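To keep things clear, I will list the structure first and then write my remarks on it.
There are 2 protein chains.
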Amino acid sequence: MKDEFAFIQSITPAYSFRDELINGIGDDAALYRIGAECDEIACTDTMVEGIHFKKDTMTPFQIGRKALAVNVSDVAAMGGIPLFYLVSLSVPNSGWSTRQLKEIYRGLKALGDEFQMDMIGGDTVSTRSDLHISVTVIGKIEKGRRLLRSNARPGDVVFLTGPVGGSAAGLSSLLSGDTNSYISYHQEPNPRVKQGRILAKSDCRISLNDVSDGIASESHEISEASGVSIVLEQDLIPAPEGFDAYSSFQRLEWMLNGGEDYELIGTVAEADWKNVENLFLKQKESIYRIGYVEDKKPGVWMSYKDQKFKLDKKGYNHFSSKE
Amino acid sequence: MKDEFAFIQSITPAYSFRDELINGIGDDAALYRIGAECDEIACTDTMVEGIHFKKDTMTPFQIGRKALAVNVSDVAAMGGIPLFYLVSLSVPNSGWSTRQLKEIYRGLKALGDEFQMDMIGGDTVSTRSDLHISVTVIGKIEKGRRLLRSNARPGDVVFLTGPVGGSAAGLSSLLSGDTNSYISYHQEPNPRVKQGRILAKSDCRISLNDVSDGIASESHEISEASGVSIVLEQDLIPAPEGFDAYSSFQRLEWMLNGGEDYELIGTVAEADWKNVENLFLKQKESIYRIGYVEDKKPGVWMSYKDQKFKLDKKGYNHFSSKE
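Heads up: the protein sequence lines correspond to chains A and B, in order.
Anchor point for the first sequence: position 295 equals 295 in the working numbering, and the numbering is continuous, going up by one each time.
Anchor point for the second sequence: position 273 equals 273 in the working numbering, and the numbering is continuous, going up by one each time.
Structure follows, in structure tokens:
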């Protein structure tokens, strides 16, 4: 990149979606106004070249799109509406052309536009090595409607908004150099904002998490935050189409611990389950009952026929294999 | 780092300062509430090892502290109150001990505590190379009080809240391996939140910028955003104590283009200047008149005795020397 100022100019949005925005990019900081009827939501996530993606597993467009998607998914998991995003990009001294960097921003914008979000700030710096992209998302939710992990109660139904394991299967195929029909799960995940909104507006007590680290790990988080035990029923967990071509071990490993599916997993009272199911049906969105909550000490179990076995909190621990 | 979860546990704040905070670290995203009487402010900045700091020019504590300070300075430059911050840390596979990483968070917390800010979120990922720290700050300001760069008008006084050039002098000394009395300007800058608040509450029309890139570059930004010309008077610009030991060329280069001083530079109507000066005096804070605004096409000039010369928009362009 020859000129930082010209580059920033080229990626500065030409228009904005949100009435809440007062002043976007162009001053020391962005200014906006949410209003008294909503609480606010903020989260941040970083993707690093060589760790979260490689140039041969994702295009620059997909990298930008996903860096925003994983944050929007966190807002969805609170039942919120994503509004704004800020982007910090660390650009290696070599190996990335201005055209590729613009593609990253095109990917960010594609997902931002899909949810009518405005990019309101950022930072572009150079680095000696790998590309880093760090995104912060700000959102809102009607007061008191937030869907916390700590909301699960004994007797609740555990639900999931879509099949899991696809992202891990896609990544596995990308890393071995071939392609299967699952790679788009990994490269272009879709945050479940609409589903989160249906749940937030249902007026039911709901616990919720997005599936970034695999449903075993996400269930553990709900279990621990709520002080309950969770049982997942193996036969009820939806798999992507064609998954039975894989060994049952491989399939379950991807489904339970693969992560990066960005579906929503949560719990709702048994008495409200039919209601929730109907709300999803009306909106033509899918939701699956996959287990139940028990009044036992925190832990996650998998039931299969009349057996039950304990699930570890595996998921993706960024540092587990490092030292 | 052996275990990301244990590390995150160790840096999660044990208490919070802000009534606005509903739910901090521990769910998919943070939740807070600002209220109807304020607008909100958001900004983000990244510091990269080898580019913005080196292990031998700054301690881990200072790196964390400064990563937050530069963002708080942006909020100060809007006249706002910093409230919350989110931290994304990319940790190299080797070279940084858990103790050093905790020191980074201790530095963040030291500055955060100084301004009663809460850390409400973050992400900790690994990287194959240099450490990256990316901070987002969220703040607030009373509705309509924001101090934009575009507020300067012909006839305004140009002011500065303190001496500039110290940070560049300190860095220069650090890079050549010795120490002078200026290194703390570089290592431990102090964002001018109090000064920004005095200006915001003054009820005057004020344009404002923080000195991150040097006063020449910051003046250019105000000049361009406001469509006016700015004249800086060489003899009025405050230098750090002892600066006359350096050649006048070196001194001026540091003062005009050094950057990272994080003082505030801005303009106010001549008729309001005495008022502003008195407000600062009352609060025992310094403010210096260093120039004036002219009704000419955008540009920045330096006046010295009866000469005037044009100042380039130099400052620090992260990519200028790279390709």
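Ideal Cβ positions, reconstructed from N, Cα and C, are used throughout, including at glycine.
Note that the structure is predicted; figures quoted are calculated from it, not measured.
Taking the beta carbon of Cys43/A as reference, the chain B residues within 8 Å of it are Asp28, Ala29, Ala30, Leu86, Gly121, listed in sequence order. Taking a contact to require three or more Cβ pairs closer than 8 Å, the region 76–95 of chain A and the region 7–23 of chain A qualify as touching.
Of the candidates Lys143/B, Lys313/B, Lys282/B, the residue whose Cα lies closest to the Cα of Asp203/B is Lys143/B.
Judged by pairs of C-beta atoms under 8 Å, the region 127–146 of chain B touches the region 126–146 of chain A, as three or more such pairs exist. For Ser134/A, a Cβ of chain B is located within less than 7 Å of the residue's own Cβ. Listed in chain order, the non-local C-beta contacts of Tyr288/B below 7 Å within the same chain comprise Phe159, Leu160, Leu236, Pro238, local neighbours out to five positions each way being set aside.
Residues of chain A whose Cβ lies closer than 9 Å to the Cβ of Glu260/B do not exist, since the nearest Cβ in that chain is about 14 Å away. Asn209/B is bridged by DSSP to Ile265/B. For Ser217/A, no chain B residue has a C-beta closer than 9 Å to its own C-beta; the minimum C-beta separation is roughly 10 Å. Taking C-beta atoms as the reference points, Trp254/B and Gly165/B count as a pair closer than 7 Å. At a cut-off of 7 Å between C-beta atoms, Arg145/B does not count as an interface residue with respect to chain A.
Using a C-beta cut-off of 8 Å, the region 139–153 of chain A makes contact with the region 204–212 of chain A, since at least three inter-stretch Cβ pairs fall below that distance. If you draw a straight line from the Cα of Glu4/A to the Cα of Ile41/A, it comes to about 30 Å. Taken through DSSP and simplified to helix, strand or coil, Tyr15/B comes out as coil. Residues of the region 52–63 of chain A whose Cβ lies closer than 8 Å to any Cβ of chain B, in chain order: His52.
Taking the Cα positions, Leu31/A is about 7 Å away from Asp39/B. Between Gly24/A and Ile120/A, the C-beta gap is smaller than 7 Å, which places the two residues in contact. Distances from the alpha-carbon of Ile198/B to those of Ser176/B, Phe280/B, Val293/B, Gly112/B put Phe280/B closest.
Between Ser88/A and Ser134/A the beta-carbon gap is near 4 Å, inside 8 Å, which marks them as a contact. Boundaries of the alpha helix (DSSP H) harbouring Met255/A: 248–257, taken from the DSSP string.
Interface with chain A (7 Å Cβ-Cβ cutoff): Arg18/B is excluded. Bounds of the alpha helix (DSSP H) holding Lys66/A are 60–76. The beta strand (DSSP E) runs of length 3 or more contained entirely in the region 143–175 of chain B are, from start to end of the chain, 157–160. In the structure shown, Ala29/B adopts coil according to DSSP, grouped into three states. Judged by their CB atoms, Cys43/A and Val193/A are not nearer to each other than the 7 Å cut-off. Per the DSSP secondary-structure output, Ser134/A pairs in a beta bridge with Thr46/A, Ser88/A. Under the three-state reduction of DSSP, Asp244/A is assigned to helix.
Closest by C-alpha distance to Gly266/A, out of Ser90/A, Asp27/A, Phe243/A, Glu221/A, is Glu221/A. Residue environment analysis places Phe61/A among the buried positions, since at least 16 neighbouring C-beta atoms fall within 10 angstroms of its C-beta. DSSP places Lys308/A within a strand segment (E or B) once states are collapsed to three.
The C-beta of Glu40/B comes closer than 7 Å to at least one C-beta of chain A.
Put simply, of Asn190/B, Val293/B, Ala14/B, Phe115/B the residue whose alpha carbon is nearest the alpha carbon of Ala225/B is Val293/B.
Taking Pro298/A as reference, the option from Ala216/A, Val276/A, Leu252/A, Asn275/A with the minimal CA-CA separation is Ala216/A. DSSP lists no bridge partner for Cys204/B. The beta-carbon distance between Lys305/B and Pro189/B, rounded to whole angstroms, is 32 Å. This is too long to meet the 8 Å contact definition. Where Glu37/A is concerned, there is no enclosing alpha helix (DSSP H), because DSSP gives it neither an H nor an E.
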